[in-house]
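Beneath this line is the structure, given in structure tokens, with notes to follow.
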Amino acid sequence: MTDWSVCSATCGGGKQYREPICYHMGKRVTKQELCLRHAYGKRLEPIVRDCNDDPCPFNWWVGPWQLCPITCRNTLRPVPIRRRSILCVDSNSNARSDAHCNNKPRPHDNEPCGEELPLCQDSARQETERPDTVPLLEDSSLPDLPSPSTPADYEVNNSI
Numbered sequence: 001m002t003d004w005s006v007c008s009a010t011c012g013g014g015k016q017y018r019e020p021i022c023y024h025m026g027k028r029v030t031k032q033e034l035c036l037r038h039a040y041g042k043r044l045e046p047i048v049r050d051c052n053d054d055p056c057p058f059n060w061w062v063g064p065w066q067l068c069p070i071t072c073r074n075t076l077r078p079v080p081i082r083r084r085s086i087l088c089v090d091s092n093s094n095a096r097s098d099a100h101c102n103n104k105p106r107p108h109d110n111e112p113c114g115e116e117l118p119l120c121q122d123s124a125r126q127e128t129e130r131p132d133t134v135p136l137l138e139d140s141s142l143p144d145l146p147s148p149s150t151p152a153d154y155e156v157n158n159s160i
């Protein structure tokens, strides 16, 4: 039999295998089909065992920031907000519920933006909104919306 293979997972439970080795006249045969065709007696079945059963550590995955929704700033308007996705993931990058990451502070998923943008040339002119972003809110408070990374949207079933 071969040595045990590398475990199929680094944590959370994996499998290791040992395969039968074929010999002909004391030398190892690399072409398994020759053994299957010419071997005497019953061929041994591969052996499987569980490995690395320790739970996987969980971490926050932080996505990239969205673009700021404006291209220039107007000092008379509220500061716009940009967002990013935050997910709790295991060491295999599978999304998990946020509860698994509660032992670590959750990074913020929104922040003001635009301070680094140039002032709009004409103060009467409105900022130019980017077409691929959420429109600027009229009041400075954020609406009570779910995070763009709701764990239920990303839950993955890892059962074999």
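In full-length UniProt numbering, the protein residues as written are 1 to 160. Where is the CB? At the ideal position from N, CA and C, for every residue including glycine.
If the criterion is Cβ atoms closer than 8 Å, does the pair residue i and residue j meet it?
{"i": "R82", "j": "E111", "result": "yes"}
{"i": "P46", "j": "Y17", "result": "yes"}
{"i": "K27", "j": "W60", "result": "no"}
{"i": "D90", "j": "G12", "result": "yes"}
{"i": "N94", "j": "A9", "result": "no"}
Would residue i be called buried (16 or more neighbouring beta carbons within 10 Å of its own) or exposed?
{"i": "residue 249", "result": "Residue 249 lies beyond the residue range present for the chain, which begins at 1 and ends at 160; the question has no answer from this structure."}
{"i": "I21", "result": "exposed"}
{"i": "R73", "result": "buried"}
{"i": "R96", "result": "buried"}
{"i": "D80", "result": "It should be pointed out that residue 80 corresponds to Pro in this sequence rather than to Asp. When all chains shown are included, P80 counts as buried."}
{"i": "P69", "result": "buried"}
{"i": "D3", "result": "exposed"}
How far does the beta strand (DSSP E) with residue i in it reach, from first residue to last?
{"i": "K15", "result": "14–18"}
{"i": "N110", "result": "110–112"}
{"i": "C88", "result": "86–90"}
Could you compute how far the alpha carbon of residue i sits from the alpha carbon of residue j?
{"i": "C88", "j": "M25", "result": "56 Å"}
{"i": "H100", "j": "F58", "result": "6 Å"}
{"i": "H108", "j": "C7", "result": "36 Å"}
{"i": "T75", "j": "C113", "result": "13 Å"}
{"i": "M1", "j": "N102", "result": "45 Å"}
Pairs of beta-carbons, one from the segment 46–54 and one from the segment 66–84, closer than 8 Å: are there three or more? no
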